[in-house]
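In case it helps, the numbering used here puts the sequence shown at residues 701 to 762.
Here a beta-carbon is modelled for each residue, glycine too, at the ideal position from N, C-alpha and C.
To keep things clear, I will list the structure first and then write my remarks on it.
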Amino acid sequence: MENNENFNREAFQDKLQPLNPQVREKAVSIAQKLAKKENYLPNDAIDEAIRRAEEWFYDLEG
């Protein structure tokens, strides 16, 4: 799984780089779950994961 995680980070570096580090980690985790369990295509998974991770982060901040 670690190699897969590195691949995802590299493949979507342009989308992940500008994110806060916490949001970036959460987005990668969510994207992997979406791609594996919900059969999202990688591009769709990362877009949805970033949206969810940003929501998660803003909820943490109150």
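Closest to residue i by C-alpha separation, out of the options, would be which residue?
i	options	result
A711	V728, N720, K733	V728
F757	K737, D744, E725, D747	E725
Once DSSP output is grouped into helix, strand and coil, what is the label at residue i?
i	result
F757	helix
Q713	helix
E748	helix
P721	helix
N743	helix
On the criterion of 16 or more Cβ atoms from any shown chain inside 10 Å, does residue i qualify as buried, or is it exposed?
i	result
L760	exposed
L763	Residue 763 cannot be examined here, being either before or after the span of the chain that is shown, 701 to 762.
L734	buried
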